[in-house]
Amino acid sequence: MSEASPKVLICVAWPYASGPRHVGHVAGFGVPSDVFARYQRLRGAEVLMVSGTDEHGTPITYGADREGVSPREFADRNNRIIVDDLRRLGLTYDIFTRTTTRNHERVVQEFFTTLYERGYIFTRTQLGAFSPSTGRTLPDRYIEGTCPICGYPEARGDQCDNCGNQLEPTDLINPRSRIDGEIPEFRETEHFFFDLPAFQQRLHDWIEAQMHWRPNVRRYSLNFVADLKPRAITRDLDWGVPVPLPGWRDRPDKRIYVWFDAVIGYLSATVEWARLRGEEAGWRSWWQDPSVRGYYFMGKDNITFHSVMWPAMLMGHGDLELPYDIVSSEFLTMEGRQFSVSRGHTIEVRDVLSRYDADVLRYYLTIAGPETTDTDFTWAEFVRRNNDELVGTWGNLVHRTLVQAQQNFGCVPEPGELAEADRRLLAEVEGGFASVGGLLEQARFKAALTEAMRLAALVNQYLGSEQPWHRIKQDRRRAATTLFVAVRCVDSLKTLFTPFLPFSCQRLHEMLGYGDVIAPQPEAREVDLGGDAHRILAGDYDRTPRWAPSCIEPGRPLGVPRPLYRKLDPKVVDEELDRMRVSTA
RNA sequence: GGCGGCGUAGCUCAGCGGUAGAGCACACGACUCAUAAUCGUGGGGUCGGUGGUUCGAACCCACCCGCCGCCA
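Just so you know, my numbering puts 41 at position 25 of the first sequence, and the rest follows in order with no gaps.
Written as structure tokens, this is what we have:
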């Protein structure tokens, strides 16, 4: 268990701007990182949460070609959609920017130059596949042909799906482009490589010492480090960050490889954030102070970029701090199958948010998300979790408590002397600040939310045995005491639930008569850094320490309560499944 | 092919060396303040398979099967 840290840098994986993101994406990095960030701020920590859209690379140029627009236009449009999704989900980035800003380009080039000057980057000539008509590189997996081993006619340039053997594109018989059937041309091409093996021992020793990482992340990374090869950091492409060296800078056909520029985004976004605040050097206090803990959130397909490649780059660069924790999630499947955008087996974030509240999706993705194991998203479970848990257990507790207090007293009731049961319940619920907080500190979101729910159920039990609605007829004072205790518990639970359910907890906060903001929300902002106008997601987030039991005082007026959540008709399950079938067909 | 993960009640998942757990579903009961919500009781599993280590194994080891991811 980790103790309190005053500054927490939260680096969230950069969603790829090749299209709208589906719920699997935000389940992996988006919601968990925001729960963590909100908790840390409620605790009083200084938080900086950075990310942005990843907009370079071949899939972007292919997507743009397909739609007959420029890569820039294509990325612009998807960036807007993604920013809008993340904003509506209430993800409190301090800055969510993009990799196509001038600031990013400059930081990436400086980073490249530093590594180059320190001798960690070298060139090497290799055989590459090109499309004769466009002159563009064809990535291995975009080439198909007959497998030389088993004769399977649709083997890919990286491996044969039939016999499982790994292949080189040049091995294929009758190679052709999967995009347009063109026969690729193989020719020599010079590229820059990052000398990963130079960091092998340091990486190994460093990772081995990270006993607080999730065991699979640590083991997986250690194994990966055992066999490191130099890794290409440039591509034959016209879309990306130019190589910042004489003779290369102006070449239209060479760009920095998208993986390399994207991980530097964590640093460049921090630099941009500081510059927007007018503090050119403000990024340093986040990257050069060993007491700052850097948490990285991503899906499991991205582990090695964060646990090996980026740390090696940071080591090579010199005076920048390494990650503290790599919080990787597993995969979400959808109704028993993998998400597949190309097959239409997907559900976009904006689609869910058009029909359901953000808190419902946040709740589902936290309580049933792929935190430590692959999990399956089903609409039946989505509706069930909403109706039984969010509405039935938590929403109903709030409603029945506030309705009784409001109708009978019009305010937070004045309690008599607390009985044993009252004190026991208060102690148990208030223990949630330690128990839920401890779990959140360890990035155990599912367990944390389950614990908060357990405490809510405890208050329902308490109300069931105290029966204030019954007792108020004979003993008004005792009923007042019970309802006072219940209101205090609800108020404490509100704080405990805020990292997970910010929208509804803010409403509850106001219902309880507070006039301030407990759950701030992000907003889209147009910014202009030295003539480079673009749109970011940002916010002015309060970090008043609030992670503490309720002190709500008797006599405070209560308004007429409104339900926090709405029940979903079970027939929406079939509607959603039909909608999926339509889009799949 | 190599590496990592996962395979536990009908369903979704916890547990990860000391007599099998939760929620849902199902059955029965209590209550009726509350969005027909809530609370209680009960039935239900040879913990993927086969070996091994151990006084004792879902839990450790080996191999096998199935699924997921990465290397690509």
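The C-beta atom is built at its ideal place from N, Cα and C for all residues, glycine as well. It should be emphasised that the depicted structure is a prediction, and the values quoted were computed from it without experimental measurement.
Closest Cα partner of residue i within the set the options
i      : options                           : result
Asn318 : Phe276, Phe425 and Ser149         : Phe276
Val343 : Glu387, Met329, Glu364 and Asp367 : Glu387
Gly144 : Leu58, Arg460, Arg300 and Leu154  : Leu154
Gly315 : Glu346, Trp289 and His322         : Glu346
Leu574 : Gly151, Arg140, Gly531 and Gln422 : Gln422
Pro538 : Ala91, Val279, Asp556 and Asp491  : Asp556
Arg562 : Leu58, Ala29 and Pro48            : Leu58
Met65  : Ser193, Gly411 and Tyr312         : Tyr312
Ala242 : Thr250, Arg218, Ala297 and Arg597 : Arg218
Glu542 : Phe112, Lys583 and Arg359         : Phe112
Pro258 : Arg118, Glu457 and Ile552         : Arg118
Ile189 : Glu198, Arg203, Glu204 and Pro169 : Pro169
Glu198 : Pro570, Ser147, Asp558 and Ala278 : Ser147
Arg251 : Gly73, Phe393, Leu336 and Lys462  : Gly73
Pro48  : Arg378, Thr409, Gly547 and Leu499 : Arg378
Ala535 : Phe519, Asp548 and Gly547         : Phe519
Leu107 : Ile76, Leu545 and Phe516          : Phe516
Where residue i falls: helix, strand or coil (DSSP)
i      : result
Leu517 : coil
Thr388 : coil
Glu592 : helix
Ser18  : A caution first: Ser18 carries a pLDDT of 44, below 50, which makes its placement in the model too unreliable to give a value.
Leu545 : strand
Tyr312 : strand
Pro191 : strand
Gly294 : coil
Pro573 : strand
Gly161 : strand
Val343 : strand
His220 : helix
Cys427 : strand
Asp252 : strand
His4   : Lying outside 17 to 601, the shown extent of the chain, residue 4 is not represented and no answer is given.
Ala601 : Here Ala601 scores only 48 on pLDDT, less than 50, and its place in the model should not be relied on; the value that follows carries that caveat. Here Ala601 sits in coil by DSSP.
Arg172 : strand
Lys510 : helix
Ile488 : coil
Thr409 : helix
Glu198 : coil
Tyr132 : helix
Glu364 : strand
Arg265 : coil
Ile568 : coil
Bridge partner(s) assigned by DSSP for residue i
i      : result
Met350 : Arg353 and Phe393
Ala554 : Glu539
Leu584 : Looking at the DSSP assignment, Leu584 forms no beta bridge with any residue, so it has no partner.
Ala464 : Answer is none; Ala464 lacks a bridge partner.
Leu68  : Residue identity check: residue 68 is Gly in the sequence provided, not Leu. Looking at the DSSP assignment, Gly68 forms a beta bridge with Thr113.
Ile137 : Phe210
Leu25  : Leu64 and Gly310
Ile482 : As written in the sequence, residue 482 is Glu, which differs from the Ile given in the question. The partner list for Glu482 (beta bridge, DSSP) is empty, contrary to what the question assumes.
Tyr623 : Any answer about residue 623 is impossible in this case: the structure gives the chain only from 17 up to 601.
Thr108 : BP columns for Thr108 are empty, so no partner.
Thr205 : Gln142
Thr153 : Phe146
Beta-carbon spacing of residue i, residue j below 8 Å
i      : j      : result
Ser356 : Thr362 : yes
Pro577 : His415 : yes
Ala459 : Phe45  : no
Arg114 : His550 : yes
Asn94  : Ser149 : no
Pro651 : Pro213 : Coverage of the chain is limited to positions 17 through 601, which leaves residue 651 absent and any answer about it impossible.
Pro339 : Gly310 : yes
Thr116 : Ala80  : no
Val407 : Val589 : no
Leu553 : Arg140 : no
Val308 : Glu337 : yes
Tyr32  : Asp70  : yes
Gly571 : Val419 : no
Asp137 : Phe215 : Inspection of the sequence shows that residue 137 is occupied by Ile rather than by Asp. In this structure, Phe215 does not lie closer than 8 Å to Ile137 by Cβ.
For the 8 Å Cβ check, are there 3 or more pairs between the segment 125 to 142 and the segment 73 to 87? no
Count the C-beta pairs between the segment 505 to 520 and the segment 551 to 570 that are closer than 8 Å, then say yes if the count reaches three, no if not. yes
Sufficient close CB pairs (3 or more, under 8 Å) joining the segment 229 to 246 to the segment 257 to 266: no
Inspect the CB distances between the segment 424 to 435 and the segment 462 to 480 and report whether three or more fall short of 8 Å. no
So does the segment 97 to 107 actually touch the segment 365 to 385, counting three or more Cβ pairs closer than 8 Å? Contact check between the segment 97 to 107 and the segment 365 to 385: three or more CB pairs, one atom from each, fall below 8 Å, which counts as touching.
Do the segment 525 to 538 and the segment 374 to 383 touch if we need at least three Cβ pairs shorter than 8 Å? By the C-beta criterion, the segment 525 to 538 is judged not to be in contact with the segment 374 to 383, since fewer than 3 inter-stretch pairs fall below 8 Å.
Closer than 8 Å is the cut-off here; do at least three beta carbon pairs connect the segment 470 to 489 with the segment 389 to 397? no
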